[in-house]
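Chemist:
2 protein chains.
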Amino acid sequence: MPDRPDHSDGPGADELAALDAHWRAANYLSAGQIYLLDNPLLTEPLRPEHIKPRLLGHWGTSPGLNLVHTHLNRVVRARDLDVVCVWGPGHGGPAVLANSWLDGSYGEVYPDVGRDAAGMARLFRQFSFPGGVPSHVAPETPGSIHEGGELGYSLAHAYGAAFDHPGLVVACVIGDGEAETGPLAASWHSNKFLDPVHDGAVLPILHLNGYKIANPTVLARLPEPELDELLRGYGHLPIHVGGDDPLQVHHDMAVAMDTALDRIALLQHAARREGVTERPRWPVIVLRTPKGWTGPKDVDGVPVEGTWRAHQVPLSGVRDDPGHLRRLEEWLRSYRPAELFDDHGRPRPEVLACVPAGPRRLGASPYANGGLLLRELPLRPLEEYAVPVKAPGATRHEPTRVLGGLLRDVMTDTADRRDFRLVGPDETASNRLEAVLESTAKAWQEDVLATDEHLDRHGRVMEVLSEHLCQGWLEGYLLTGRHGLFSSYEAFVHIVDSMVNQHIKWLRTTRTLSWRRPIASLNYLLTSHVWRQDHNGFSHQDPGFVDHVLNKSPEAVRVYLPPDANTLLAVADHVLRSRDYVNVVVAGKQPCFDWLGLDDARVHCARGAGIWEWAGTENGGSPDVVLAAAGDIPTQEVLAAAGLLRRHLPHLAVRVVNVVDIARLMPQEEHPHGMPDHEYDALFTPDRPVIFAYHGYPWLIHRLAYRRTGHRNLHVRGYKESGTTTTPFDMVVRNDLDRYRLVMDVVDRVPGLAVPAAPVRQAMADARARHHAWVRAHGTDMPEVAEWAWEPSSRPLEP
Amino acid sequence: MPDRPDHSDGPGADELAALDAHWRAANYLSAGQIYLLDNPLLTEPLRPEHIKPRLLGHWGTSPGLNLVHTHLNRVVRARDLDVVCVWGPGHGGPAVLANSWLDGSYGEVYPDVGRDAAGMARLFRQFSFPGGVPSHVAPETPGSIHEGGELGYSLAHAYGAAFDHPGLVVACVIGDGEAETGPLAASWHSNKFLDPVHDGAVLPILHLNGYKIANPTVLARLPEPELDELLRGYGHLPIHVGGDDPLQVHHDMAVAMDTALDRIALLQHAARREGVTERPRWPVIVLRTPKGWTGPKDVDGVPVEGTWRAHQVPLSGVRDDPGHLRRLEEWLRSYRPAELFDDHGRPRPEVLACVPAGPRRLGASPYANGGLLLRELPLRPLEEYAVPVKAPGATRHEPTRVLGGLLRDVMTDTADRRDFRLVGPDETASNRLEAVLESTAKAWQEDVLATDEHLDRHGRVMEVLSEHLCQGWLEGYLLTGRHGLFSSYEAFVHIVDSMVNQHIKWLRTTRTLSWRRPIASLNYLLTSHVWRQDHNGFSHQDPGFVDHVLNKSPEAVRVYLPPDANTLLAVADHVLRSRDYVNVVVAGKQPCFDWLGLDDARVHCARGAGIWEWAGTENGGSPDVVLAAAGDIPTQEVLAAAGLLRRHLPHLAVRVVNVVDIARLMPQEEHPHGMPDHEYDALFTPDRPVIFAYHGYPWLIHRLAYRRTGHRNLHVRGYKESGTTTTPFDMVVRNDLDRYRLVMDVVDRVPGLAVPAAPVRQAMADARARHHAWVRAHGTDMPEVAEWAWEPSSRPLEP
């Protein structure tokens, strides 16, 4: 048992008064940010010119967030805890900014906005003002790891932050609006994956202020016994707090916090010291306070406090309506600012009595600036995993299985540090990464049966059938200073399109903030991809995630399509060492020809795109045509087409280009990896036909390369939504990405062929017809495809 | 009370035997589809050549689905019910196909695959075979409204199907894997929105077979009391069934079904006949049966039945391993096929004893082929809503508010039919569509307080803070023959990227199936768009959904960007009448200049793109430059730029083009709306500079138009991720979409200007500098922008 006193009586009158002073100060500062351009301390009567011309921001959630922050301050200070808080209602920016200003962390990061009258004036003015700070809890906000504008991800972020931080308590305020979202609803079950020994604790605080923008919320209107059943069904022990009498709520909230933290300490002690292995029933605090509490009770004859009308700006006509202006002044003065701040605008000692010191302050926690905690990931030499390549295409390996060896050793080499996790929606084995399970297990806190394999309470492979949880957990994990990889079926990563948007926005912004230290990149391994959905078909075929991320801030986005096992290793090594990116790696899990030895793979991946001389027939001269590929299946089809061209059009000078780093195709000015025009021209020629076989939607290549000199000659093949359950080769034929079609494209586009083109074209059409008949008769790919392999030859074959 | 007998004793021995026969037949047919190429009735010993060369499909979930189907048959027949079933584990295609074959509906739709030996042989062979049918419950499957490959949406679809179908019971099988997803977790609360009077019932059947692909499931490993609390917390009454003794499970399942349906009847009777308004506690069936039940218990020394190893193909080496072949034959013969099918392969009468008749069969329900039930939506003449336009830009309206009037009348005119719903994540008022609330209310089954507005148990506006639920409900509603509109903040519609993928795939496929009747389109109204996020900033700014959908099957996707109120009306009228599309309409909610009167708007929207002669200065001649716009804010900036050009470069012949239907830019061969090259050239010229101001990511326009003759001269401005909380005009300046930048683009790109270009360029740069200083000083847009309005003039202004 922890040696804590019994807190059930709660704080005394003096402490309650001080807590209330802090809360009033935070409320005053929150309202001030929304309304005031000047006169921050109300040293003179409020006049219209003191009011911002555009009133923007969200008051409704702010008093509740301030209450939580005040009481987190109290327990951090009393118990000397490391706490970070994830503010789910991130639109309540004024509240978190107010608290960060009060605890001094804001002024440490932004010295212009210190704890005095001038700083307070700047705090108010800058809020939601052009050139100022966003209206939400944003990357710019000290102590924050969560923007919250989109709603849904707070609790998953909180768990991600808690994993492998055994000394940390992650509080998480969940708004009752956010609680209606799918990702949040799924996140409650994260407690089935939290190891009480090696992980920290998550303290969810479900804040029921009752309303969204325009409606009551589902959870706030449940009868309390039904809500209680729900939370118990989620595996929690609910602690209820509520009311609208500030001092009573302060008292009850302090008791609730103490009860929750005592219980957390007890459960951790039991698991860590007493060997208890039963899944803990962690506490959850249910906090019911009015929306817009302490704001105007009613405005223009309709109720505001305690209703949805308090969501944004309760008094909207302040500059023009003297009545509203008077109401605002009354409201602001109701906090008794002169009691809270001295004549210089400095918070009085009573206000700051609950505020902890140094890095224990929520605004100054190193956990919320994860780069401060980040260590280099131990990565062994790739030689330990590389597949030997005597000749291109002579052997085949499953690229992701090869990568599995590397990931296994990362797991082994971080076994003590515990700062690497692999997440995926029940797909680690399906994606052939199961070598990692030789080193660690899959995290699991529920019962384990005799037939189960690789399940353990302390495992660091995270499998849950929710891409949202995988993404949210990993984001929280990375943002608090660790490393990881998310392996997903390619099609279903679209489930987190919107989450990755928000993470890219976060990274883009933090890159401009010198005090935010770089964090490990968010690495996706997209496999079980569009071309190999033999079991599942159309619903599992979608290569559009690359298009999605390439629309976003180029400084934070990288996309790689390694064509074989060794290039996948080289890419993986690179992305695992990188910082502040979203890296998307698309790679196959099926047996794939090994094209490049490790050294060649390293060079090729470092360049991002290059000529494969050994596969072409230009012999150093100028090519008649360029065959380009990005992706494993396109690479295979391009090489098969090159082989067919050697046979059928032996005098044609063919160049084979392979692209790994897809952003290299972009103009230099549009992406940091974009290649200069002269390099693009040297690779693709300015004037020869380029037949480009691309893994995904073909028009993406046009969108990247439309400014290039040779763009007119660029002809792209790729996935065009012709999907179903069929054989691998039938998939490429259906989408016109097959070797025969590529040869036909060459024949159609190279002017003045020395050999008559028609017979070659006919031969290709015949091969496609043979395929069609064979696959429908046999259900397999025809032998000439199934048994195809690259024939290495430096000279053109005889026709 | 319904006049049903008491079923608590369950069925007698004969009925149990018949139910078991039906179940065995379905299991036999399921396994047969996965394995057999020939010898469907096992009339001879199984040989390798009878086995498919590629073994694909999912056995694990199939026996459970077959059990549910058998028992749904029983209650449909016994109670003469209209039931559709949403099969969440849609990868269990073999099961639903087997049942549809057994109830005869399959053979009615596909006469080659009738209920005889030849039909059975085809049923087996075609499954997951090239040219055959997909391995999942797909659009091709009679009785299905749900593909299920992605997992997560079954329960939301079920509720959507039940809304406004008071006579329907929608059963919904939820796999315990799917139950881990976010959308499914949120869907449980859909019961807070189901009206027991006007809506049908949803019967969730949570199928705990314990495992996903490679792991146990979270819910299956919960202690039963904890699971019970969870389901009660969701507002349900759980009914538990489980075991592995078939006859006992048949008995218990029959009792559970009767209990559930009795309760549903009771609750509906209470609400409909007795005026009970309390929110019902609807039943949920929890079904625990082994994964891969009745399949091989173990294979090669490891347990298979009842573990994750049964997920796909339990015996994988059947063609090559005589032991596996023998085990397969034993397995198939364990169902005693000779007792189930006669010598001609026809199911024996006992097998069909539970099968209902005609349209009551799950495979033949018209509810699952919603186009059969669809009625034209009553739409009044647009003249009733159109805003008068005396001159372009003379007045301003909020386009979505104008649309609200139309939607209000649709609600009014469908008040009795109840076949139109408006869904949105708590944003109907925020998106300024609140006129609909004059006609109907927001659906709400929880308590209503005195301060609430527009909440009602019978309302048809659906607001919940979950885009997943909005989308899932609407899909289910449309798929069962009704109409609707989804209004969303533009940025957050990305949350359903993956769902819309699946719906587009569904529509694309149904378009090839003549027996599937067209359904109403899924209509998105995307508003609160990227350019007007004054309150929220960067997290709320993302125009990429258009890019996402335009990657998908062009036959099923349409995108419209109406630039003002009347064009929005014309577009809305069109999309609400359309069938089998996903229509994306992007429109603003802020006051916007009225450019076109209704007649002009109709013509302009029908063309999809056109020259606005009144805004240009070419006077019928050939333009020096084309200013094009798509979207409301770009249109405003282009017209402002045109005005500046009239002033500064009066002799420049400027053409103004406006694009509403963005797919018109695509080549004719790539999209049904793509315009022929001669039309494109006539509009944009083949050789003049085109400055295109686009609402979203600028490269989308290049991706659509890269094949056009004049593409080299196309210069696009749009959103480039420069977002924050700021003024509307500052947003366009930050992204270089502003009028001054557009004029600079013209100056930079039109060769040989008669007037020296440098001073004009400087004037524009000065204006941008003025803006910069003003907005940072005042926090508002400068008067020359804020007060700008189009000056109609047919002649160039004096310089």
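As given, the protein sequences belong to chains A and B, one line each in that order.
Numbering-wise, full-length UniProt numbering puts 679 at position 679 of the first sequence, and it's gapless, one number per residue.
Numbering-wise, full-length UniProt numbering puts 347 at position 347 of the second sequence, and it's gapless, one number per residue.
All residues carry an ideal CB built from backbone N, CA and C; glycine is no exception.
Bear in mind the structure is a predicted one, so any value in this text is a computation, not a measurement.
Have a look at A:Thr61, A:Tyr385, A:Ala609, A:His454 and flag the residue whose alpha-carbon is nearest the alpha-carbon of Gly92 (chain A).
Modeler: Measuring from the Cα of Gly92 (chain A), the nearest candidate turns out to be A:Thr61.
Chemist: Straight-line CA distance for His251 (chain B) to Ala364 (chain B)?
Modeler: C-alpha separation (whole angstroms): 26 Å.
Chemist: Closer than 7 Å, Cβ to Cβ, to anything on chain B: give me those residues from the region 767-786 of chain A, in chain order.
Modeler: Per Cβ criterion, the list reads Val775, Arg776, His778, Gly779, Thr780.
Chemist: Could you tell me whether the Cβ atoms of Phe420 (chain A) and His503 (chain A) are closer together than 7 Å?
Modeler: It is not a contact, given that the beta carbons lie outside the stated cut-off.
Chemist: Whole angstroms is fine: what's the gap from Glu721 (chain B)'s alpha carbon to Asp542 (chain B)'s?
Modeler: Their Cα atoms are separated by approximately 8 Å.
Chemist: Distance check for Val68 (chain A) and Asp3 (chain A), CA to CA, integer angstroms please.
Modeler: Interpretation of Asp3 (chain A) is limited by its pLDDT of 40, a score under 50 that renders its predicted location unreliable; the figure taken from the coordinates is listed afterwards. Spanning the two alpha carbons is a distance of roughly 25 Å.
Chemist: Report the residue ranges of all alpha helix (DSSP H) runs contained in full by the region 171-230 of chain A; include only those spanning at least 4 residues, in chain order.
Modeler: Entirely contained in the region 171-230 of chain A, the alpha helix (DSSP H) runs reaching 4 residues are, in chain order, 182-187.
Chemist: Measuring only the C-alpha atoms, how far is Glu791 (chain A) from Arg508 (chain B)?
Modeler: Taking the straight line joining both Cα atoms gives about 41 Å.
Chemist: Following the continuous alpha helix (DSSP H) through Leu328 (chain B), name the residue where it begins and the one where it ends.
Modeler: Where Leu328 (chain B) is concerned, the enclosing alpha helix (DSSP H) stretches over 322-333.
Chemist: Which first and last residues belong to the beta strand (DSSP E) in which Arg673 (chain A) is found?
Modeler: Per the sequence shown, residue 673 (chain A) should be read as His rather than Arg. Taken as a continuous stretch (DSSP letters only), His673 (chain A) belongs to no beta strand (DSSP E), as it is neither H nor E.
Chemist: Does any residue of chain B have a CB that is nearer than 7 Å to the CB of Asn536 (chain A)?
Modeler: With 7 Å as the cut-off, Asn536 (chain A) counts as an interface residue toward chain B.
Chemist: 7 Å is my cut-off, CB to CB: does Val218 (chain B) come that close to chain A?
Modeler: Yes - at least one Cβ of chain A is within 7 Å of the one on Val218 (chain B).
Chemist: As an exercise, report each continuous alpha helix (DSSP H) stretch of at least 4 residues that is fully enclosed by the region 423-494 of chain A, in chain order.
Modeler: 467-479, all fully within the region 423-494 of chain A.
Chemist: Of all the residues that make up the region 494-507 of chain A, which are near chain B by a beta-carbon distance shorter than 7 Å?
Modeler: Those would be His494, Ile495, Asp497, Ser498, Asn501, Gln502, Lys505, in chain order.
Chemist: Excluding the five sequence neighbours on either side, which residues of its own chain have a C-beta within less than 7 Å of the C-beta of Ala270 (chain A), listed in chain order?
Modeler: Excluding sequence neighbours, Ala270 (chain A) sits near Val276.
Chemist: Run down chain B in chain order and give the residues with a C-beta less than 7 Å from the C-beta of Thr726 (chain A).
Modeler: Residues of chain B passing the Cβ test: Pro130.
Chemist: Could you tell me whether the Cβ atoms of Gly143 (chain A) and Leu362 (chain A) are closer together than 7 Å?
Modeler: For Gly143 (chain A) and Leu362 (chain A), yes; Cβs fall inside 7 Å.
Chemist: Which residues, in chain order, does the region 40-74 of chain A contribute to contact with chain B at a C-beta distance below 8 Å?
Modeler: From the region 40-74 of chain A, only Lys52, Pro53, Arg54, Leu56, Gly57, His58 have a Cβ closer than 8 Å to chain B.
Chemist: Which one or two residues does DSSP pair with Val402 (chain B) in a beta bridge?
Modeler: Partner(s): none; Val402 (chain B) has no beta bridge.
Chemist: I'd like the list of long-range same chain contacts for Arg396 (chain A), defined as Cβ closer than 7 Å, with 5 residues on each side in sequence excluded.
Modeler: Counting only Cβ-Cβ distances below 7 Å, and skipping sequence neighbours, we find Pro591, Cys592, Phe593, Asp594.
Chemist: From Val584 (chain A) to Asp600 (chain A), what does the alpha carbon distance come to, in whole angstroms?
Modeler: Roughly 22 Å between the two C-alpha positions.
Chemist: Taking 7 Å as the CB-CB cut-off, is Gly459 (chain B) touching chain A?
Modeler: Chain A, which has no Cβ nearer than 7 Å to the Cβ of Gly459 (chain B), makes this no.
Chemist: Check each residue of the region 202-215 of chain B: if its Cβ is closer than 7 Å to any Cβ of chain A, include it; give the result in chain order.
Modeler: Those residues of the region 202-215 of chain B that come within reach of chain A (Cβ to Cβ, closer than 7 Å) are Lys212, Ile213, Ala214, Asn215.
Chemist: Can a CB atom of chain A be found closer than 7 Å to the CB of His715 (chain B)?
Modeler: Chain A contact via Cβ: absent.
Chemist: Just to confirm, is the Cβ distance from Ala565 (chain A) to Val387 (chain A) under 7 Å?
Modeler: Contact: yes.
Chemist: Could you check how far apart the C-beta atoms of Leu455 (chain B) and Val464 (chain B) are, in whole angstroms? I think they sit under 8 Å.
Modeler: Going by Cβ atoms, the distance from Leu455 (chain B) to Val464 (chain B) rounds to 13 Å, so no, they are not a contact pair.
Chemist: Let me see if you follow: with CB-CB separation under 7 Å, is Lys192 (chain A) close to chain B or not?
Modeler: Answer yes: the Cβ-Cβ gap between Lys192 (chain A) and chain B drops below 7 Å somewhere.
Chemist: Asn551 (chain B) versus chain A: which residues are under 7 Å apart at the beta carbon?
Modeler: Those are Gly544, Asp547, Tyr697, listed as they occur along chain A.
Chemist: Could you give the DSSP three-state label for Asp300 (chain A): helix, strand or coil?
Modeler: Coil.
Chemist: Between Pro634 (chain B) and the rest of its own chain, which residues show a CB-CB distance below 7 Å, the 5 nearest in sequence each way excluded?
Modeler: If we look at Pro634 (chain B) and ignore the five residues flanking it on each side, its Cβ neighbours are Ala693, Tyr694, His695, Leu737.
Chemist: Do the region 560-579 of chain A and the region 176-191 of chain B touch if we need at least three Cβ pairs shorter than 8 Å?
Modeler: As far as the Cβ criterion goes, the region 560-579 of chain A does not touch the region 176-191 of chain B, which means the pair count is below three.
Chemist: For a contact meaning CB atoms closer than 8 Å, what does Asp452 (chain A) contact in chain B?
Modeler: In chain order: Pro216.
Chemist: Using 8 Å as the Cβ pair cut-off and three pairs as the minimum, do the region 432-448 of chain B and the region 191-210 of chain A touch?
Modeler: No contact exists between the region 432-448 of chain B and the region 191-210 of chain A.
Chemist: Using DSSP bridges, identify the partner residues of Ile239 (chain A).
Modeler: Note: Ile239 (chain A) sits in a beta bridge opposite A:Ile285.
Chemist: Smallest Cα separation from Val500 (chain A): which of A:Leu485, A:Leu522, A:Asp9, A:Arg516?
Modeler: Minimum Cα distance to Val500 (chain A) is reached at A:Leu522.
Chemist: In or out: Val302 (chain A) buried (at least 16 other Cβ within 10 Å) or exposed?
Modeler: Val302 (chain A) should be labelled exposed.
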